[in-house]
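Chains as they are written, first to last, in my numbering: chain S, 1192 to 1530; chain Z, 1192 to 1530. Quick reminder that beta carbons are idealized off the backbone N, C-alpha and C, glycines included.
Here it is as structure tokens:
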């Protein structure tokens, strides 16, 4: 009999679901295997009002077609009044801050990230217990952007010691090291950053489907991320940053950033933790740590995986969208036991 | 009246012309503006015999449709006997060494590059005055490959002091610095490495048409390359490494490495040298240095450029091939005066 593993209440704490036909395609793929997901607000225009939030959440619930799935909503960071945040806080799990222009649909993000400028909003968030999720990259050289952002994380962590700050999709040893330094710093890590380096993106052929922001870094960075994830470190959570782009936009002259991993993430993570003999720590990474950090109680869901080859589809599609997943056409050693 | 500049006997000392329909398409584009070009031998199978050399040269001459163009042929490095090299030396300008598997069609390259292993061939080349052209990359992390190759250049330069060694398409400050250290080390530099960094390839959208090997590096590397090219340093020559790949192979899941610059190289270089007020040094970079280093007398050709906008075509094509040039659809400040 094949070896099996059971995941309880898996959570994806960083997810792009987009909208309209793309939402219809990708939401069910997450909802079938995850109990909940923290949903990014970088639509066009971004999610910045209570009405937007509620309407988007309803569209997600409708598209996901799964009662045991909770979309945890976020607002796109702007200067918000405390009165507004009080009014909206029951609808959100956090607020996502993007430096302006740093990634897909972030044009209206923050152009100067410093405690002085952002103090009114961050103080209100701190008082109300609303976590701050950050895409931590400067506009410097592509391989240095996250590392250069570390002093900004540090000053925010120091200046707002009661504010929970989540360093999203970390990719460097420097970010891993910073986690231990501030009690109020946490992090999400994607599937791909545990597996690839820049060599996989651009070391052989150029691989658009492995191109994301932050870009995959060096071997020593991947090793640091892997160690902190495999060891059930309570400050890191799985956040796929699964980011669907239409196939023709990925395979073109100017390919958009984002790796689509939602439907394969749990299989790949199980294979990875199994390979490193750390399966007993997988549930901490994909669920328990997030439950504690965000203090949430998602719908219960048991996902059983077995050590049996799973061939990743070449793409996922509906009438209007075609999206290519990571490892398209390749084989993963673990499969979902049919739900 | 528009500002003009005249280039005498321009040379491209590192060029991929491919074969068959691709050769038919790209050879005339180089031949119309260059007096000569050093032609890479990495066909499939590679050029390793006197017969291959002569036949390939004839195909190039036929395809280039220009009497004032000389293809300077190279052999693909293997262990060759001195007798063979004596027999073939009038047909070649140098021998190109590829580490095995390091770039397009290099699978049959050298797996271990050390003076001991290669001594018989390198000694014969040194005795006969045949230059050695090297693609200098290890199989390490993509951003470190050229830097890691420096000790290999050093040991070859020391062990064969009379052998002219050309570090092909250098991309790093380390390679520029090494030039000054050994009398017998020279280098070629491409157009794109004087202009772009990894930020242009993967810092915004992913740009397959700017993806090449060695990959573009950091700003400090580009600055070092620029300084050595602009200053008419006699040890560096222009070598475009212009590498045509069919459009569909560049814009796909696994994009091949190579930037196609042959038809725009002189315009772009003129714009660049003009911008830096170094036009008086352009002829050294695109001709005079190579004439001295290789001791050649190519057909005379005067190329006049004027400061007048040139819109780069979206692609160059014939019945079977479509190739996208660097800066496709964009405007360059300098044009060729019609020939």
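- Counting along the chain, no beta strand (DSSP E) covers residue 1342 of chain S; the unbroken alpha helix (DSSP H) around it starts and ends at 1336–1350.
- Around residue 1446 of chain S, the beta-carbon contacts reaching into chain Z at under 7 Å are 1396 and 1397.
- Rounded to the nearest whole angstrom, the C-alpha separation of residue 1387 of chain Z and residue 1501 of chain S is 41 Å.
- Excluding five sequence positions before and after residue 1236 of chain S, none of the CB atoms of its chain fall closer than 7 Å to its own CB.
- Of the candidates Z:1202, Z:1515, Z:1366 and Z:1524, the residue whose Cα lies closest to the Cα of residue 1213 of chain Z is Z:1515.
- Straight-line measurement puts the Cα of residue 1400 of chain S at about 11 Å from the Cα of residue 1446 of chain Z.
- For the segment 1513–1528 of chain Z, the beta-carbon criterion of a distance under 9 Å to any beta-carbon of chain S is satisfied by 1515 and 1519.
- Looking only at Z:1472, Z:1272 and Z:1215, the smallest Cα-Cα distance to residue 1513 of chain Z is reached by Z:1215.
- Between residue 1317 of chain S and residue 1287 of chain S, the gap from beta carbon to beta carbon reaches 8 Å or more.
- When Cβ-Cβ separations below 8 Å define contact, residue 1415 of chain S makes no contact with chain Z.
- DSSP places residue 1203 of chain S in the strand class (E or B) of the three-state scheme.
- Taking one beta carbon from each stretch, the segment 1359–1372 of chain Z and the segment 1350–1366 of chain S have fewer than 3 pairs nearer than 8 Å; the two do not touch.
- Annotation for residue 1227 of chain S: 1202, 1261, 1263 and 1489 place their beta carbon closer than 6 Å to its own, counting only its chain and skipping 5 residues before and after.
- Using a Cβ distance threshold of 8 Å, residue 1324 of chain S and residue 1357 of chain S count as a contacting pair.
- In the DSSP assignment, residue 1380 of chain Z forms a beta bridge with Z:1429.
- For residue 1373 of chain S, no beta strand (DSSP E) encloses it, and the DSSP letter there is neither H nor E.
- Contact annotation: the segment 1403–1414 of chain S does not touch the segment 1457–1468 of chain S, with fewer than three C-beta pairs closer than 8 Å.
- Per DSSP, residue 1498 of chain S lies in no alpha helix (DSSP H) and is assigned neither H nor E.
- Taking the CA atoms as reference points, residue 1449 of chain S sits about 26 Å from residue 1240 of chain S.
- Taking one beta carbon from each stretch, the segment 1473–1491 of chain Z and the segment 1219–1234 of chain Z have 3 or more pairs nearer than 8 Å; the two touch.
- Interface with chain S (8 Å Cβ-Cβ cutoff): residue 1442 of chain Z is included.
- Proximity of the segment 1415–1427 of chain S to the segment 1379–1386 of chain S meets the contact definition, three or more beta-carbon pairs being nearer than 8 Å.
- For residue 1321 of chain Z and residue 1453 of chain S, the gap between their C-alpha atoms comes out near 56 Å.
- Straight through space, the alpha carbons of residue 1398 of chain S and residue 1442 of chain S are spaced by roughly 9 Å.
- The beta-carbon of residue 1410 of chain Z is placed less than 8 Å from the nearest beta-carbon of chain S.
- Residues of chain Z with a Cβ closer than 9 Å to the Cβ of residue 1291 of chain S do not exist, since the nearest Cβ in that chain sits about 14 Å away.
- Setting aside the 5 residues that flank it on each side, residue 1207 of chain Z is surrounded in the same chain by 1231 and 1434, each with a C-beta closer than 6 Å to its C-beta; the list follows chain order.
- Under the 10 Å beta carbon count, residue 1192 of chain Z is surrounded by fewer than 16 other beta carbons and is classified as exposed.
- Residue range 1261–1267 is occupied by the beta strand (DSSP E) that includes residue 1263 of chain S.
- Shown here, residue 1483 of chain Z sits in a helix according to DSSP, grouped into three states.
- Separation of residue 1245 of chain S and residue 1223 of chain S (C-alpha to C-alpha, rounded to the nearest whole angstrom) is 22 Å.
- Residue environment analysis places residue 1495 of chain Z among the exposed positions, since fewer than 16 neighbouring C-beta atoms fall within 10 angstroms of its C-beta.
- Contact of residue 1390 of chain S with chain Z is assigned, a C-beta pair being separated by under 8 Å.
- Taking 8 Å as the Cβ-Cβ cut-off, the segment 1329–1345 of chain Z approaches chain S at 1332, 1333 and 1334, given in chain order.
- None of the residues of the segment 1463–1493 of chain Z has a beta carbon lying less than 7 Å from any beta carbon of chain S.
- Annotated as proximal: residue 1199 of chain S and residue 1478 of chain S, with beta-carbon spacing under 8 Å.
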